[in-house]
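This report refers to the structure that appears directly beneath it.
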Amino acid sequence: MYDIFISYRRDGGFEMARLLYDRLHDMGLNVFFDLEELRSGKFNVKLFSAIDESANFLLVLPKDSLDRCKSEDDWLRIEIEYAIAKKKNIVPLMMNGFTWPSDLPETLKGLHLYNAVQMSREYLDASIERILSMCVNMAVKGGKKVSAEKDVREGNKYFTYDDKKERRRLNTQQNLMRSFDAPAYDKVKGRYEKLTVLDLGANTGEFIMDRLGTSENLEKLVGVEFDEKAVQYANATYGKAGKIAFFRLDLESETFYDDLRGIMDENGISSFNVINLSMVLLHLKHPYRLLKGLRGILSKDGTIIVKDIDDGMNMAYPDDDGIFAKAVDICNREELAGYRKSGRQVYTLLYRSGFKHITQERFGLSVAGMDSDERSALFDTYFSFILEDLRILREKYPDDKRIKADLEWYEDMYDDLEEKFQDDAFYFVLGFMLFTAQK
Ligand SMILES: C[S@@+](CC[C@H](N)C(=O)[O-])C[C@H]1O[C@@H](n2cnc3c(N)ncnc32)[C@H](O)[C@@H]1O
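If you count by our numbering, then the sequence shown holds residues 3 to 441, one letter each, in order.
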């Protein structure tokens with residue numbers, strides 16, 4: 003795989019292309035830059051696969067460089083047409099004296115709509131900086147290539163009650179997840195004569211009410227959620243004096259345990275025998291801190307249930323054009339989706355926080371056996387929320403070129419992704435994980 007393909011015409015473009023190659027290559031980027039042999043004579047098919055393997059297509063444009071594109075067998079034209087057809091992230095680099103010809107062939111007409119960089123020899127560093135900000139699927143920090151994925155946790159209380167689509171997604175996800183996780187909740191439910199439940203990151207309460215809230219042996223249920231409106235909704239819909247109540251608390255605030263103890267005292271609860279964390283750890287910056295404290299409020303024979311996700315577990319087949327891999331990649335770096343390598347940490351986090359008998363109840367949700375409605379729900383669960391997130395991020399960071407490119411690509415490919423996903427022969431596994439552990 004390449005990060006960047008450099009496309010250039012030898013006359014007038016070679017020197018700049020070479021300079022760029024050297025600088026980008028020194029940063030540790032994988033750059034495809036073919037030397038003269040491939041450039042002379044007939045178009046070389048090797049270039050097609052190199053374009054296929056590159057996320058970004060830098061097009062060096064010296065003065066008059068597109069004039070020869072009138073001819074159908076001009077290789078620069080073929081190269082550009084191929085990059086357009088393959089929806090590559092094209093960045094035109096306009097050198098001194100270059101202007102867009104008025105008589106571009108039909109197939110290249112859209113080219114001038116791509117965001118271009120005005121190249122300046124004098125301010126080459128600034129030009130390169132700008133190019134890097136427009137490239138996708140790669141990142142450079144301090145002059146060196148770094149992983150494009152989020153590799154650190156960030157606290158992220160993304161939920162807003164007003165966001166109807168988000169609520170719809172959580173509902174769809176909940177139904178889909180019922181068959182995945184309900185057996186584990188049933189097992190836990192049957193373990194105790196009386197249930198005292200603490201649900202963390204309860205959202206509007208739908209999830210915990212569905213799994214444990216209507217259980218006959220439920221004695222007390224306390225839900226904790228950051229979003230004020232979600233808490234109001236949960237109390238209005240499910241609240242029951244002396245039995246079920248939801249509270250607004252930040253799991254990561256300094257005073258979290260003091261506040262929680264206060265709530266427990268007021269409600270006559272000394273400990274909980276079930277603590278639930280469903281799709282919450284991935285949104286926390288300090289999961290260890292939280293888990294360690296939870297042991298202290300879990301009863302001696304209590305159970306903690308943790309559901310989380312890890313995108314490293316995702317599998318898509320067939321994915322010849324790499325669109326599923328790219329969609330997952332985008333999810334990995336967009337900040338609202340949480341930390342997508344959280345799932346792999348759950349076992350270790352539980353162990354280090356002192357929990358015993360850690361059991362992996364479920365590992366991966368696959369499309370095998372799903373009907374077309376269920377496939378739709380799974381698609382919706384994962385892929386539609388990426389689109390929503392990108393739209394929110396686009397508004398939040400209007401100048402961010404990467405988000406713009408990701409959103410454009412995603413909107414463009416969405417129907418394609420959905421159609422492929424609906425094919426009965428298409429296999430997909432989503433990295434949901436479910437663990438239980440004891441004190
Ligand atoms: C993906 S939702 C999961 C909701 C529910 N548990 C479920 O499985 O359907 C994550 C929830 O955790 C909440 N959350 C995230 N960070 C939080 C924090 N620091 N304190 C409290 N709630 C938080 C969000 O507001 C959101 O409602």
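Even for Gly, the Cβ is constructed at its ideal location relative to N, Cα and C.
Enclosing beta strand (DSSP E) for residue i [first to last residue]
i    : result
K287 : Where K287 is concerned, there is no enclosing beta strand (DSSP E), given that its DSSP letter is neither H nor E.
V431 : 429-440
T239 : Note, T239: premise wrong, no beta strand (DSSP E); alpha helix (DSSP H) at 230-240.
K309 : 300-311
R1   : Beyond the ends of the chain as shown, which are 3 and 441, falls residue 1; an answer cannot be given.
Separation of residue j from residue i, as counted between CA atoms
i    : j    : result
V62  : F385 : 35 Å
E376 : Y259 : 39 Å
H285 : S9   : 41 Å
M29  : D408 : 23 Å
K72  : D322 : 32 Å
I80  : L367 : 42 Å
W102 : H114 : 7 Å
Y349 : I311 : 12 Å
R180 : T216 : 15 Å
M211 : I265 : 20 Å
F16  : E421 : 42 Å
F428 : R213 : 30 Å
Exposure of residue i, with buried meaning 16 or more beta-carbon neighbours within 10 Å
i    : result
A327 : exposed
Y125 : exposed
A339 : buried
L279 : buried
M3   : exposed
P94  : buried
S457 : Nothing about residue 457 can be read from this structure; the chain reaches only from 3 to 441.
G144 : exposed
K242 : exposed
Three-state secondary structure assigned by DSSP to residue i
i    : result
A318 : strand
F357 : coil
L95  : strand
I2   : Residue numbering for the chain in the displayed model covers 3 to 441; residue 2 lies beyond these limits and cannot be assessed.
T198 : strand
R11  : coil
E221 : strand
V138 : coil
F35  : coil
D382 : helix
Boundaries of the alpha helix (DSSP H) in which residue i is found, first to last residue
i    : result
S334 : Note on residue identity: the sequence assigns Asn, not Ser, to residue 334. Note, N334: alpha helix (DSSP H), 325-335.
G157 : Taken as a continuous stretch (DSSP letters only), G157 belongs to no alpha helix (DSSP H), as it is neither H nor E.
K146 : Per DSSP, K146 belongs to no alpha helix (DSSP H); it is in the beta strand (DSSP E), 146-148.
K406 : 403-424
L78  : 77-87
Same chain, Cβ closer than 7 Å to residue i, five either side skipped, listed in chain order
i    : result
Y84  : F50, I53
R14  : This sequence places Gly at residue 14; Arg is not what is there. So the qualifying residues of the chain are P64, K65, S67.
R354 : Y290
R297 : S355, G356, F357, K441
K406 : R396
Close Cβ partners of residue i (< 8 Å) along its chain, the five nearest in sequence each way excluded
i    : result
F100 : L63, P64, K65, D66, S67
K295 : A small fix is needed here, since residue 295 is Gly in this sequence, not Lys. The residues are F258, Y259.
A439 : T305, I306, V308, L352, F357, K358, H359, I360, T361
L31  : D5, I6, M140, V142, K147
A329 : F385, I388, Y412, M415, L419
S255 : D261
Own chain residues within Cβ distance below 6 Å of residue i, not counting five before or after
i    : result
V33  : I6, Y23, L26, H27
Y194 : N275
C137 : N58
I277 : L200, L296, L300, I306
Check: residue i C-beta below 8 Å from any heavy atom of ligand 3
i    : result
I210 : Ligands in the displayed structure: ligand 1; ligand 3 is not one of them.
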